[in-house]
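Undergrad: Residue numbers (my numbering): 1039 to 1290. In this text, a Cβ means the ideal position worked out from N, Cα and C, and glycines have one as well. Remember, predicted model here, so these are calculated numbers, not experimental data. Sharing a structure below in structure tokens format, with a few things to ask.
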Amino acid sequence: MKGGGSGRGAPRVFLLAGTSEARALAARLAQAGVDATASLAGRTSAPAPLALPTRVGGFGGVEGLKRYLADNRVTHVVDATHPFAAQMSANASAACAALGLPLIAYARAPWRPEPEDRWIEVADNAAAVAALGAEPRRVFLTIGRQGIADFRAAPQHDYVLRVIEAPDPNDLPPNCALIFARGPFARAEETALMQERRVEVVVSKNSGGALTYAKIEAARALALPVVMIAPPAREGVALAHDAEAVMAFLRA
């Protein structure tokens, strides 16, 4: 794949980024001389730079994405967005199907419970809210900014919410303390935080990877239940959990 798009039949890759895995893949594509462009949604004000030319912002839905892919003569699309970026993934799937473009989803493998874990596995935020129960509890909410408003349906709990950037105040449950921090986090730090904040239950998205896994280890060590939200299914799309599988897909 050396030589970019000048060689006949060379791929022109569009990388939907937004994860640490996408950043590493962008570096690998650049090093290999692949003709590739990355895309960021623009929800983070200061994202880490990518090793590829980068487009920032939305497309205006499926039709806008189709126009972009066609106008830029893209031949392959890699969806390396966050496992919970369901709308962007759905738009990519629809656009690629309409244009007949090869699409692969590149996502970290989800976490699996260990024997000592006390997981309550649920399908979405609404089920997570229900799983917390009616009795007031101290909840460590580690789902990021997206979907926080769903927990307003359970105002009886005291929430400790960790985010990278400030959420909309109107989205917050009434009893909510904010912690601003960016991973990775160490197990000892997570354990101390949960003890200091008197956490009784952790709510987490099953986003996989090592960056935030320390909270799961800390909950295990403290015998705390974890309400674990499953990632949305990506139906009918090839899925890779490592960069080499993506490179093989592009070579094919």
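1. From D1155 to K1253, what distance separates their C-alpha atoms?
2. Quick one: measure Cβ to Cβ for L1141 and S1131, integer angstroms, because I've assumed they're closer than 8 Å.
3. Cutting at 8 Å between CB atoms, please list the residues of its own chain near G1098, excluding the five before and the five after it.
4. Assuming L1262 is part of the alpha helix (DSSP H), what are its boundary residues?
5. Taking 7 Å as the limit between beta carbons, can you name the residues of its chain near L1078, skipping five residues before and five after?
6. Bridge partners for W1149 per DSSP, in chain order?
7. Output the boundary residues of the beta strand (DSSP E) element that contains Y1197.
8. Can we say the stretch 1261-1272 touches the stretch 1165-1173, given the rule of at least three CB pairs closer than 8 Å?
9. Tell me which same chain residues have a C-beta within less than 6 Å of the C-beta of E1238, skipping the five on either side of it?
10. Looking at the secondary structure, which residues open and close the alpha helix (DSSP H) in which E1173 lies?
11. What's the gap between the Cα of E1199 and the Cα of A1048?
12. How about A1128: is its C-beta nearer than 9 Å to some C-beta of chain C?
TA: Taking the coordinates as given:
1. 12 Å
2. 6 Å
3. none
4. Counting along the chain, L1262 falls outside any alpha helix (DSSP H), and DSSP gives it neither H nor E.
5. A1055, G1056, P1085, T1092, V1094
6. Looking at the DSSP assignment, W1149 forms no beta bridge with any residue, so it has no partner.
7. 1196-1201
8. yes
9. R1175, R1176
10. Careful: E1173 lies outside any alpha helix (DSSP H) and carries neither H nor E.
11. The question names Glu, but residue 1199 is Leu in the sequence shown. Going from the Cα of L1199 to the Cα of A1048 covers about 46 Å.
12. The chain labelled as chain C is not found in the depicted structure, where only one protein chain is given.
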